[in-house]
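Asker:
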Amino acid sequence: MRSFALSLAGAAAIAFLAAAPAQAEDKFTYMTNWYAQAEHGGFYQAVAQGIYKKYGLDVTIKMGGPQVNITQMMAAGQADCIMGSSDIQMMQVREGGVPVVNVAAFFQKDPQVLIAHDDVKKFEDLKGKTLLIGAQAQRGYWPWLKAKFGFTDEQTRPYTFNIQPFVADKNTAQQGYLTSEPYAIQKAGVQSTVLMFSDHGFPAYATTVSCMDKTVKERSKQVAAFVKASAEGWKSYLADPAPANALIKKDNPNMTDDQLAYSVAKLKEMGMVTGGDAAKLGIGVMTDARSKASYDFLVTAKLLDPAKVELAKTYTTEFVKDAKVLP
388 MRSFALSLAG
398 AAAIAFLAAA
408 PAQAEDKFTY
418 MTNWYAQAEH
428 GGFYQAVAQG
438 IYKKYGLDVT
448 IKMGGPQVNI
458 TQMMAAGQAD
468 CIMGSSDIQM
478 MQVREGGVPV
488 VNVAAFFQKD
498 PQVLIAHDDV
508 KKFEDLKGKT
518 LLIGAQAQRG
528 YWPWLKAKFG
538 FTDEQTRPYT
548 FNIQPFVADK
558 NTAQQGYLTS
568 EPYAIQKAGV
578 QSTVLMFSDH
588 GFPAYATTVS
598 CMDKTVKERS
608 KQVAAFVKAS
618 AEGWKSYLAD
628 PAPANALIKK
638 DNPNMTDDQL
648 AYSVAKLKEM
658 GMVTGGDAAK
668 LGIGVMTDAR
678 SKASYDFLVT
688 AKLLDPAKVE
698 LAKTYTTEFV
708 KDAKVLP
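388 is the number of the first residue of the sequence shown in this note's numbering; add one for each residue after it.
Take a look at the structure:
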């Protein structure tokens, strides 16, 4: 009789465990570097499709913007990891005293471009043209363009994030982002040529997952889960962007379906997420060789002091090498 009672108790315990809620997901906050857009699609897709939950994470995506210092917010504990515009930018942030490390790069190419009128066919045709360049470019791609193509500071005028000066003057070219300004210029009815730095050897990765050293050390399991789930999110987004796009438009009501469709088409066409090393090593991958190329460029251009920052401390491949989400 006693054994029967025990077996009943055991069965009840098993039934109770089966009915108990699953382990609560670990909270994890990722902060983007701009208003929600297709360039953030894989992260939103992983939320929309429950991919983060599958890996035990309760992820909040916070939007950045022009007046938001996301690095400062992460250092203050308001985000676990942030979206670096490029690995180069985050290396410079580390030199500035914030112990940040790149753990993944979801764009294998930097989407920075120069947009010229359609009489220009290649970078070399821009000699003697006026180049509208933002102040940030001085610490990024501009020294590379000068060294590579012989451009001069005298050619430049400030870029005010307004396409009208370019539209009005056929002798100008302007900076832009592959998935954004070319669309606005096309909508304005202007024929243009888009010249992409990464197709000519600019080494930077873009759309990074960058975290504090402390987070990587103390929350390594969660960081690994976030990287793997985000890679699956990007794969899913490029196959069917609708679930993420609904969330993107909710966060950023100014975003249009046309702009989203244009951006997704460009991401696919240029192999931004799935090209390069990602094709064989997995979405989000970073390699030692590419990270060294970015670091060497900064040192050569005197944009980083190697005495202050060791290459090995600026990135780690420990999370991407095991994720292996092939396109």
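Ideal Cβ positions, reconstructed from N, Cα and C, are used throughout, including at glycine.
Please give the ranges of any alpha helix (DSSP H) in the stretch 411-478, keeping only runs that are unbroken, at least 4 residues long and fully inside the region.
Answerer: Segments of the alpha helix (DSSP H) lying fully in the stretch 411-478: 428-435, 438-441, 457-462.
Asker: Just to confirm, are G663 and Q495 a CB contact at a threshold of 8 angstroms?
Answerer: Yes, they are a contact pair.
Asker: For L691, name the three-state secondary structure that DSSP assigns.
Answerer: Reduced to three states, the DSSP call for L691 is coil.
Asker: Do Q432 and P630 count as a contact pair if the criterion is CB distance below 8 angstroms?
Answerer: Contact flag set, yes.
Asker: Is Y592 helix, strand or coil when you go by DSSP?
Answerer: If DSSP states are grouped into helix, strand and coil, Y592 belongs with coil.
Asker: Alpha carbon to alpha carbon, how far is Q646 from Q561? Give it in angstroms, no decimals.
Answerer: Cα-Cα distance, rounded: 20 angstroms.
Asker: Which one or two residues does DSSP pair with Y570 in a beta bridge?
Answerer: Answer is none; Y570 lacks a bridge partner.
Asker: What are the start and end residues of the alpha helix (DSSP H) that includes S650?
Answerer: Run containing S650: 644-656, per the alpha helix (DSSP H) assignment.
Asker: Go ahead and pull the three-state DSSP assignment for L634.
Answerer: Residue state, collapsed to three classes: helix.
Asker: In the structure shown, what three-state DSSP assignment does A530 receive?
Answerer: One point to set straight first is that residue 530 is Pro, not Ala, in the sequence displayed. Three-state DSSP puts P530 in a helix.
Asker: Which residues does DSSP list as the beta-bridge partners of T580?
Answerer: A503.
Asker: Closer than 6 angstroms by C-beta to V554: which residues in its own chain qualify, once you throw out the five before and the five after it? Chain order, please.
Answerer: Taken in chain order, the residues that qualify are A575, V577.
Asker: Determine the direct distance from the alpha carbon of R544 to that of E413, and round the result to whole angstroms.
Answerer: Looking at the sequence provided, one finds Asp at residue 413 rather than Glu. C-alpha separation (whole angstroms): 48 angstroms.
Asker: What span of residues does the alpha helix (DSSP H) with Y624 cover, start to end?
Answerer: Unbroken alpha helix (DSSP H) run through Y624: 607-626.
Asker: Does A575 come out as helix, strand or coil in the three-state DSSP assignment?
Answerer: Of the three classes helix, strand and coil, the one that applies to A575 here is coil, per DSSP.
Asker: Are the stretch 667-684 and the stretch 466-480 touching by the rule of at least three beta carbon pairs closer than 8 angstroms?
Answerer: Cβ pair count under 8 angstroms is three or more, so yes.
Asker: What's the gap between the Cα of S623 and the Cα of V712?
Answerer: About 11 angstroms.
Asker: Between the Cα of Q489 and those of K689, P693, V672, spot the shortest distance and give me the residue it belongs to.
Answerer: Going by the sequence as given, residue 489 is Asn instead of Gln. Ranking the options by Cα distance to N489, first place goes to V672.
Asker: Within the same chain, show all residues whose beta-carbon is closer than 7 angstroms to that of Y702, passing over the 5 residues directly before and after it, in chain order.
Answerer: Taken in chain order, the residues that qualify are D474, V488, N489, M673, S678.
Asker: Which residue wins for smallest C-alpha separation from G484, given the options E705, T539, D506, D600?
Answerer: Checking every option, the nearest Cα to that of G484 belongs to D600.
Asker: Assuming L444 and A710 form a contact by the criterion Cβ under 8 angstroms, report the distance between their Cβ atoms to the nearest whole angstrom.
Answerer: 14 angstroms between Cβ atoms; not a contact.
Asker: Kindly indicate the opening and closing residues of the beta strand (DSSP E) around V490.
Answerer: 487-494 is the extent of the beta strand (DSSP E) around V490.
Asker: For P545, which residues does DSSP report across the bridge?
Answerer: I520.
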